[in-house]
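Structure follows, in C-alpha coordinates:
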(Lines of atoms letter the chains of each structure in order from A; the text may use other names.)
(Lines give C-alpha, C1' and ligand atoms only; values in the text may rest on other atoms or scores of the structure.)
Protein backbone atom coordinates (compact mmCIF):
# COMPACT_ATOMS: atom_id res chain seq x y z
CA UNK A 1 0.00 0.00 0.00
CA UNK A 2 2.88 2.33 0.85
CA UNK A 3 4.50 1.57 -2.56
CA UNK A 4 1.30 2.43 -4.46
CA UNK A 5 1.06 5.75 -2.65
CA UNK A 6 4.72 6.36 -3.48
CA UNK A 7 4.03 5.76 -7.19
CA UNK A 8 0.89 7.89 -7.28
CA UNK A 9 2.62 10.64 -5.35
CA UNK A 10 5.39 10.67 -7.97
CA UNK A 11 2.81 11.19 -10.69
CA UNK A 12 1.88 14.53 -9.14
CA UNK A 13 5.14 16.01 -7.92
CA UNK A 14 8.12 14.80 -9.97
CA UNK A 15 9.59 15.70 -13.33
CA UNK A 16 7.86 15.25 -16.66
CA UNK A 17 10.11 12.35 -17.83
CA UNK A 18 9.49 10.42 -14.62
CA UNK A 19 5.73 11.00 -14.93
CA UNK A 20 5.92 9.88 -18.54
CA UNK A 21 7.71 6.65 -17.56
CA UNK A 22 5.08 5.93 -14.88
CA UNK A 23 2.29 6.72 -17.35
CA UNK A 24 3.69 4.32 -19.97
CA UNK A 25 4.12 1.59 -17.36
CA UNK A 26 0.58 2.09 -16.07
CA UNK A 27 -0.75 2.04 -19.65
CA UNK A 28 0.96 -1.32 -20.23
CA UNK A 29 -0.48 -2.66 -16.97
CA UNK A 30 -3.97 -1.38 -17.86
CA UNK A 31 -3.80 -3.04 -21.30
CA UNK A 32 -2.78 -6.36 -19.71
CA UNK A 33 -5.66 -6.15 -17.20
CA UNK A 34 -8.18 -5.28 -19.95
CA UNK A 35 -6.97 -8.19 -22.08
CA UNK A 36 -7.36 -10.56 -19.12
CA UNK A 37 -10.91 -9.30 -18.50
CA UNK A 38 -11.69 -9.59 -22.23
CA UNK A 39 -10.35 -13.17 -22.23
CA UNK A 40 -12.51 -14.14 -19.26
CA UNK A 41 -15.78 -12.68 -20.55
CA UNK A 42 -15.40 -13.26 -24.30
CA UNK A 43 -13.59 -16.58 -24.09
CA UNK A 44 -10.51 -15.98 -26.27
CA UNK A 45 -7.53 -13.67 -26.49
CA UNK A 46 -8.87 -11.49 -29.30
CA UNK A 47 -5.34 -10.30 -29.88
CA UNK A 48 -4.42 -8.48 -33.08
CA UNK A 49 -1.35 -9.44 -35.05
CA UNK A 50 0.76 -7.06 -37.10
CA UNK A 51 -1.23 -8.00 -40.21
CA UNK A 52 -4.26 -6.30 -38.73
CA UNK A 53 -6.38 -9.45 -38.47
CA UNK A 54 -7.66 -10.91 -35.25
CA UNK A 55 -5.26 -13.55 -33.95
CA UNK A 56 -6.89 -15.91 -31.47
CA UNK A 57 -3.52 -17.30 -30.40
CA UNK A 58 -2.13 -14.02 -29.10
CA UNK A 59 -0.08 -13.34 -32.21
CA UNK A 60 2.11 -16.35 -31.54
CA UNK A 61 0.37 -19.12 -33.44
CA UNK A 62 2.77 -21.48 -35.10
CA UNK A 63 5.68 -19.10 -34.86
CA UNK A 64 3.61 -16.18 -36.15
CA UNK A 65 4.03 -12.49 -35.57
CA UNK A 66 6.14 -11.13 -32.72
CA UNK A 67 4.01 -7.98 -32.80
CA UNK A 68 0.83 -8.52 -30.82
CA UNK A 69 -1.16 -6.46 -28.35
CA UNK A 70 -0.02 -8.66 -25.47
CA UNK A 71 3.65 -8.49 -26.42
CA UNK A 72 3.46 -4.70 -26.85
CA UNK A 73 1.66 -4.37 -23.49
CA UNK A 74 4.42 -6.37 -21.78
CA UNK A 75 7.06 -4.18 -23.45
CA UNK A 76 5.29 -0.95 -22.39
CA UNK A 77 5.07 -2.25 -18.83
CA UNK A 78 8.80 -3.05 -18.74
CA UNK A 79 9.85 0.18 -20.47
CA UNK A 80 7.71 2.44 -18.30
CA UNK A 81 8.34 0.93 -14.89
CA UNK A 82 11.98 0.09 -15.70
CA UNK A 83 12.67 3.65 -16.87
CA UNK A 84 10.93 5.12 -13.81
CA UNK A 85 12.93 3.00 -11.38
CA UNK A 86 16.21 3.89 -13.11
CA UNK A 87 15.43 7.61 -13.12
CA UNK A 88 14.42 7.53 -9.45
CA UNK A 89 17.81 5.98 -8.71
CA UNK A 90 19.64 8.97 -10.17
CA UNK A 91 20.24 7.95 -13.78
CA UNK A 92 19.79 10.50 -16.56
CA UNK A 93 16.67 10.51 -18.74
CA UNK A 94 18.63 9.06 -21.68
CA UNK A 95 20.14 6.22 -19.65
CA UNK A 96 16.75 5.57 -18.00
CA UNK A 97 15.05 5.43 -21.41
CA UNK A 98 17.69 3.03 -22.79
CA UNK A 99 17.51 0.89 -19.66
CA UNK A 100 13.70 0.91 -19.78
CA UNK A 101 13.82 -0.05 -23.45
CA UNK A 102 16.14 -2.96 -22.63
CA UNK A 103 13.89 -4.11 -19.80
CA UNK A 104 10.82 -3.75 -22.03
CA UNK A 105 12.42 -5.80 -24.82
CA UNK A 106 13.51 -8.43 -22.30
CA UNK A 107 10.01 -8.74 -20.80
CA UNK A 108 8.32 -8.69 -24.24
CA UNK A 109 10.76 -11.30 -25.57
CA UNK A 110 10.28 -13.52 -22.53
CA UNK A 111 6.50 -13.26 -22.90
CA UNK A 112 6.70 -14.11 -26.61
CA UNK A 113 8.96 -17.13 -25.95
CA UNK A 114 6.61 -18.39 -23.23
CA UNK A 115 3.51 -18.05 -25.42
CA UNK A 116 5.25 -19.68 -28.36
CA UNK A 117 6.34 -22.69 -26.28
CA UNK A 118 2.83 -23.04 -24.83
CA UNK A 119 1.33 -22.92 -28.31
CA UNK A 120 3.78 -25.59 -29.51
CA UNK A 121 2.73 -27.82 -26.61
CA UNK A 122 -0.89 -27.32 -27.69
CA UNK A 123 0.04 -28.18 -31.29
CA UNK A 124 1.81 -31.33 -30.10
CA UNK A 125 -1.40 -32.37 -28.30
CA UNK A 126 -3.34 -31.93 -31.54
CA UNK A 127 -0.93 -34.09 -33.50
CA UNK A 128 -1.26 -36.83 -30.86
CA UNK A 129 -5.07 -36.56 -31.14
CA UNK A 130 -4.73 -37.40 -34.84
CA UNK A 131 -3.62 -40.88 -33.72
CA UNK A 132 -7.28 -41.58 -32.89
CA UNK A 133 -8.40 -41.25 -36.54
CA UNK A 134 -9.71 -44.56 -37.98
CA UNK A 135 -10.01 -46.12 -34.52
CA UNK A 136 -13.21 -47.49 -32.99
CA UNK A 137 -14.67 -46.18 -29.77
CA UNK A 138 -17.84 -45.87 -27.73
CA UNK A 139 -20.03 -42.84 -27.10
CA UNK A 140 -19.57 -41.81 -23.47
CA UNK A 141 -21.77 -38.68 -23.50
CA UNK A 142 -24.56 -38.33 -26.10
CA UNK A 143 -23.46 -36.62 -29.32
CA UNK A 144 -26.09 -34.33 -30.93
CA UNK A 145 -26.71 -34.84 -34.65
CA UNK A 146 -25.66 -32.71 -37.63
CA UNK A 147 -22.59 -31.27 -35.79
CA UNK A 148 -24.99 -29.11 -33.76
CA UNK A 149 -23.11 -29.79 -30.53
CA UNK A 150 -20.44 -31.95 -28.99
CA UNK A 151 -20.54 -35.09 -26.93
CA UNK A 152 -17.77 -37.34 -25.75
CA UNK A 153 -16.36 -40.68 -26.78
CA UNK A 154 -14.01 -43.17 -25.21
CA UNK A 155 -11.35 -44.30 -27.65
CA UNK A 156 -8.05 -46.10 -27.20
CA UNK A 157 -4.98 -44.45 -28.75
CA UNK A 158 -1.42 -43.64 -27.72
CA UNK A 159 -1.45 -46.68 -25.46
CA UNK A 160 -4.43 -45.76 -23.27
CA UNK A 161 -8.20 -45.32 -23.21
CA UNK A 162 -9.08 -41.63 -23.41
CA UNK A 163 -12.22 -39.50 -23.27
CA UNK A 164 -12.33 -37.00 -26.14
CA UNK A 165 -14.89 -34.41 -27.24
CA UNK A 166 -16.62 -35.53 -30.45
CA UNK A 167 -19.09 -34.43 -33.13
CA UNK A 168 -21.07 -36.30 -35.79
CA UNK A 169 -22.51 -35.24 -39.15
CA UNK A 170 -25.22 -37.88 -38.98
CA UNK A 171 -28.09 -38.50 -36.58
CA UNK A 172 -27.72 -38.16 -32.80
CA UNK A 173 -25.56 -40.85 -31.22
CA UNK A 174 -26.77 -42.01 -27.78
CA UNK A 175 -24.49 -43.16 -24.97
CA UNK A 176 -23.07 -46.64 -25.60
CA UNK A 177 -23.12 -46.42 -29.43
CA UNK A 178 -20.13 -47.96 -31.19
CA UNK A 179 -18.44 -45.37 -33.43
CA UNK A 180 -15.46 -44.94 -35.74
CA UNK A 181 -13.32 -41.79 -35.72
CA UNK A 182 -13.27 -40.37 -39.27
CA UNK A 183 -11.34 -37.10 -38.81
CA UNK A 184 -10.25 -34.31 -36.49
CA UNK A 185 -12.87 -31.63 -35.81
CA UNK A 186 -10.94 -28.44 -35.05
CA UNK A 187 -7.97 -28.58 -32.71
CA UNK A 188 -9.39 -30.45 -29.75
CA UNK A 189 -12.21 -32.70 -30.97
CA UNK A 190 -12.96 -35.65 -33.24
CA UNK A 191 -15.53 -36.30 -35.96
CA UNK A 192 -17.16 -39.72 -35.65
CA UNK A 193 -19.74 -41.89 -37.41
CA UNK A 194 -21.83 -44.82 -36.19
CA UNK A 195 -20.36 -48.23 -36.86
CA UNK A 196 -22.69 -50.30 -39.03
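Residue numbers (our numbering): 1 to 196. For glycine and all other residues, C-beta sits at the position ideal for the given N, C-alpha and C.
Check whether residue i and residue j have beta carbons under 9 angstroms apart
| i | j | result |
| --- | --- | --- |
| residue 134 | residue 182 | yes |
| residue 131 | residue 157 | yes |
| residue 150 | residue 165 | yes |
| residue 84 | residue 18 | yes |
| residue 29 | residue 77 | yes |
| residue 79 | residue 104 | yes |
| residue 21 | residue 71 | no |
| residue 139 | residue 173 | yes |
Euclidean distance between Cα positions of residue i and residue j
| i | j | result |
| --- | --- | --- |
| residue 32 | residue 171 | 44 angstroms |
| residue 96 | residue 118 | 33 angstroms |
| residue 36 | residue 196 | 47 angstroms |
| residue 43 | residue 187 | With a pLDDT of 49 at residue 43, under the threshold of 50, the modelled position of this residue cannot be trusted; read the value that follows with caution. Each residue's Cα considered, the two are about 16 angstroms apart. |
| residue 177 | residue 38 | 39 angstroms |
| residue 88 | residue 116 | 34 angstroms |
| residue 189 | residue 153 | 10 angstroms |
| residue 137 | residue 169 | 16 angstroms |
Residue i burial status per 10 Å Cβ neighbour count (16 or more: buried)
| i | result |
| --- | --- |
| residue 128 | exposed |
| residue 90 | exposed |
| residue 40 | exposed |
| residue 16 | exposed |
| residue 175 | exposed |
| residue 159 | exposed |
| residue 25 | buried |
| residue 94 | exposed |
| residue 92 | exposed |
| residue 145 | exposed |
Helix, strand or coil at residue i [DSSP, three-state]
| i | result |
| --- | --- |
| residue 137 | strand |
| residue 168 | strand |
| residue 151 | strand |
| residue 68 | strand |
| residue 88 | helix |
| residue 189 | coil |
| residue 116 | helix |
| residue 156 | strand |
| residue 195 | coil |
| residue 163 | strand |
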